[in-house]
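Report on one structure; see the data block that follows.
Numbering (this note's numbering), first residue to last: 38 to 605.
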């Protein structure tokens with residue numbers, strides 16, 4: 038019983054199941070994407086998304102490095118790296134501002150000019166400190182943050198103008214939300230490197246297993262912090278949280294596995310990570326187990342049996358049926374997305390109509406003196422201990438409480454007791470929470486697909502990175518390359534590579550489950566996110582990988598090199 042309670046609590050903390058929903062705008066955009074995008078493009082997007090990150094990382098690593106004891110002036114490659122890193126950090130922190138603060142937009146020319154100014158000026162300040170104080174600067178990525186902030190504020194005022202600052206001041210709550218999101222990302226820059234140090238320190242001790250189990254706890258805590266910072270725009274939550282927190286977690290899982298000195302450590306890391314995957318797959322199976330049968334039997338199911346995304350088509354058909362949509366519980370459902378998408382003309386008109394309807398409903402509700410309660414998921418009576426129950430969804434309310442899956446009942450019938458309760462089976466789409474539950478299911482599926490995709494890509498990229506790095510001269514100055522030679526590299530990266538293949542198998546299993554239970558193609562939803570939010574995703578992949586790898590270069594004042602310098 039305790040294990041079941043613990044499992045429920047752990048599941049409730051997952052971002053995938055907190056109750057987030059697709060907006061109607063995003064729902065229609067996903068349907069449009071599945072109808073207009075050929076399979077070859079979908080596969081190209083899924084395979085090609087990590088390539089810009091990989092190319093930029095290998096360009097960075099090709100910059101020559103000299104021994105830090107030769108001085109700052111001999112290491113010109115270090116300053117090119119520093120400028121590249123500062124540029125992508127500035128772009129990553131500035132480009133999403135428009136999603137947090139209304140009325141603030143930047144052109145690409147402004148962003149490039151701002152990033153160029155900041156990267157040049159910060160690198161110049163760093164050179165001065167390196168020349169007259171100390172080189173390498175201990176933990177330079179972190180210790181140079183105050184200098185970076187001053188340079189950034191001055192450059193921002195000069196490039197973007199005073200009008201942007203004035204408009205930001207008029208929206209303090211939105212600015213605070215943006216800063217909270219930024220601080221949560223900065224928190225990871227401290228927490229995960231500290232965890233790597235803790236992992237290496239505890240290896241071989243009695244606390245090693247506890248340290249391994251600490252990593253998923255850190256991930257869940259930071260993911261929930263990030264989620265709270267982006268809840269105002271739920272369509273942004275999966276990308277913002279997963280391509281930040283799950284990325285860091287995946288790269289440090291791969292790193293810890295590669296540097297682990299014992300087979301027990303590798304097995305413990307693998308079991309810990311795969312157990313989370315199993316829980317995720319089981320949770321999704323429980324939530325979507327009977328969608329295929331209910332969609333097939335519903336009146337709105339597409340007549341064409343060749344339609345491959347039937348669940349999506351049924352939900353969109355309900356959305357386009359104004360009479361049936363009026364019967365749905367629409368509280369908390371957003372019409373517009375924070376992103377722009379390509380839509381058919383009739384869908385654009387539909388959004389305008391829904392906007393007008395929502396506005397009219399709000400005005401009518403404020404004028405009305407009588408409050409009419411709307412049935413919610415918690416109003417649905419249910420029966421326990423019925424072995425042959427059939428249902429649509431595991432109803433998950435906005436307060437993270439889990440309700441058993443139930444037969445669809447007549448909500449208008451008063452419940453005077455279990456014996457007098459009259460059960461009336463209805464069509465699936467007539468259930469008042471069907472629309473909201475469907476949007477939640479799409480949100481959950483997107484989160485799980487993105488997470489599994491990222492956890493498969495990162496170990497395979499890291500394996501390739503180590504194989505290439507062992508042949509580059511700069512490998513001498515990377516802490517993760519210690520003890521790795523062309524002769525021993527195969528044995529060191531084999532566990533990481535096998536782990537990556539297991540994650541690929543997990544993704545394939547997830548896609549098959551979604552195809553079977555939800556009658557949807559998971560890779561289309563994955564490609565939809567990767568393509569529609571490509572700028573934010575590419576920026577995050579590049580900046581977090583560059584920061585992570587810079588933490589391990591002696592010239593950036595890594596932990597190992599700093600200890601060595603102090604001992605001298």
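Note that beta-carbon positions come from the ideal geometry of N, C-alpha and C, so glycine has one too.
Shown here, residue 366 sits in coil according to DSSP, grouped into three states, outside any helix or strand.
Look at the beta carbons and you see the stretch 262-282 not touching the stretch 496-503: under three pairs across the two are nearer than 8 Å. Measuring C-alpha to C-alpha distances from residue 79 to each of 532, 573, 365, 559 identifies 559 as the nearest. Two segments are said to touch when three or more pairs of C-beta atoms, one from each, lie closer than 8 Å; by this definition the stretch 566-576 touches the stretch 85-96.
Relative to the Cα of residue 576, the nearest Cα in the group 250, 128, 69 belongs to 128. Burial is judged here by how many other beta carbons sit within 10 angstroms of a residue's own beta carbon; residue 527 has fewer than 16 and is exposed.
The Cβ atoms of residue 143 and residue 216 do not sit closer than 9 Å to each other. The Cβ atoms of residue 302 and residue 240 sit closer than 9 Å to each other. Exposure of residue 304 is indicated by the presence of fewer than 16 other C-beta atoms within 10 angstroms of its C-beta. Note: residue 282 is not bridge-paired with any residue in the DSSP secondary-structure output. Contact between residue 550 and residue 289 fails: their C-beta atoms lie close to 28 Å from each other, not under 8 Å. Residue environment for residue 252: buried (at least 16 other C-beta atoms within 10 angstroms of its C-beta).
In the displayed model, residue 308 falls within a helix according to three-state DSSP. The alpha-carbon separation between residue 522 and residue 482 amounts to approximately 42 Å. The beta carbon of residue 276 is closer than 7 Å to those of 566, 570, 573, 574 in its chain, skipping five residues each way along the sequence. Apart from the 5 residues on each side of it in sequence, residue 156 sits with its Cβ closer than 6 Å to the Cβ of 120, 123, 124 in its chain, given in chain order. DSSP, read as helix, strand or coil, puts residue 62 in helix.
DSSP, reduced to helix, strand and coil, places residue 228 within a helical segment of the structure shown. A Cβ-Cβ separation of about 5 Å places residue 285 in contact with residue 225 under the 8 Å criterion. In this structure residue 272 is in contact with residue 375, their Cβ atoms being roughly 6 Å apart against a cut-off of 8 Å.
Under DSSP, residue 515 forms a beta bridge with 590. In this structure, residue 278 lies away from residue 255, with their beta-carbon atoms at least 9 Å apart. Closest option to residue 132, judged by alpha-carbon separation, among 116, 489, 149: 149. Taking C-beta atoms under 8 Å as the contact rule, residue 100 and residue 348 fail to qualify, at a distance of about 49 Å. Check the Cα spacing between residue 533 and each of 384, 351, 306: the tightest is with 306. Between the C-alpha atoms of residue 473 and residue 230 there is a straight-line separation of about 40 Å. Scanning its chain for C-beta atoms nearer than 8 Å, with the 5 sequence neighbours on each side dropped, one finds around residue 219 the residues 130, in chain order.
The C-beta of residue 72 has fewer than 16 other C-beta atoms within 10 Å across all chains shown, which makes the residue exposed.
Just measuring C-alpha positions, the residue of 315, 393, 326 sitting nearest residue 555 is 326. Less than 9 Å separates the beta-carbon of residue 105 from that of residue 514. Under the three-state reduction of DSSP output, residue 244 falls in the coil class, being neither helix nor strand. Taking 9 Å as the cut-off, the Cβ atoms of residue 372 and residue 61 count as close.
Short of 7 Å from the beta carbon of residue 270, and not among the five residues preceding or following it, lie these beta carbons of its own chain, in chain order: 136, 375. Annotated as distal: residue 141 and residue 234, with beta-carbon spacing of 9 Å or more. In the structure shown, the three-state DSSP call for residue 326 is coil. Nearest Cα to residue 261 within the set 283, 468, 96, 370: 283.
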